[in-house]
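S.K.: Quick note: the sequence shown uses the numbering used here, first residue 75, plus one each step.
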Amino acid sequence: MQTDGFQGSLIGSVLAMVLLSGWLAWFFLATVTLYEESATMVVSETYTMVAADFPLETQGRIKRGQAALLHFEGAAGTTTGVVPALVVEVETRPEENRVRANLYPFWSADPTEIPPEDLVGTARVEVDHVSPAMLVLQATGQFINTAQIRTSPQDPAIHQGK
C-alpha cells in the first residue's frame, strides 16, 4: 500500500475534466438549426418559383431572405435530390389559416424533364440557430421568455397558442 501512487486517479480525474470541458463547450457554443416544415408545396409551371404553405403559427418566424430546402417525393426526389432555395416573399393569409412563402429554387438537375404535378413534397425553412443549451431551456420553458419549440405537429398546446 505504501508503494501505490495516486497517478492512476490523477490521470482518470484529468481525463474526466477534459471530457467534461469538451462537452460543456459543445453544449454552450455549438449551433443547432431549427426548421419550419410546410404542409404543402407547389412548383410553378416555369419551374422558377415554389409556393409553400405553412401553418399560421409560423407567422413572424418565416422571413424574406431565409434559406430553405425542398424535399421532393418519389421519382422526382431521386432525380432532383434536396434542392436549396431562398424565401423571396411571405404573405400571411389568416382567412385561410396559413402563411404562404414563395421560394426561389436553385436547381442542380434539370427539372423540366419532370412534370410539375409530379414535383410534390415539403419545404423546410431555416428559422433559427440556437445552442443545445438554449434548445433545452426553450423546450422546458424555463428561464427563457420565448415561444416553446414545436416537438410534434399534433401538439395541441402549441397550436392553440398556450
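Glycine is no exception: its CB is placed at the ideal position from the N, C-alpha and C atoms. The structure presented is a predicted model; accordingly, all values stated were derived computationally and were not measured.
Can you give the Cα-Cα distance for Met91 and Val204, rounded to whole angstroms?
M.R.: The straight-line gap from Cα to Cα measures roughly 25 Å.
S.K.: Look at the alpha carbon of Pro230 and the alpha carbon of Glu131, and state the distance between them as a whole number of angstroms.
M.R.: Only weak support exists for where Pro230 lies, its pLDDT of 49 falling under 50; the value from the coordinates is given anyway. Taking the straight line joining both Cα atoms gives about 12 Å.
S.K.: Can you tell me whether Leu89 is buried or exposed, with buried defined as 16 or more other CB within 10 angstroms of its CB?
M.R.: So Leu89 counts as exposed.
S.K.: By a C-beta neighbour count over all protein chains shown, 10 Å radius and 16 as the cutoff for buried, is Arg138 buried or exposed?
M.R.: That one is exposed.
S.K.: Buried or exposed: where does Ile85 fall if 16 or more other Cβ atoms within 10 Å of its Cβ makes it buried?
M.R.: Classification for Ile85: exposed.
S.K.: According to DSSP, what are the bridge partners of Leu108?
M.R.: According to DSSP, which records beta bridges pairwise, Leu108 is partnered with Asp202.
S.K.: With DSSP as the reference, please indicate the residues paired to Pro129 in a beta bridge.
M.R.: Paired residue(s): Arg172.
S.K.: If you reduce the DSSP assignment to three classes, tell me which class Gly195 lands in.
M.R.: It is a strand residue.
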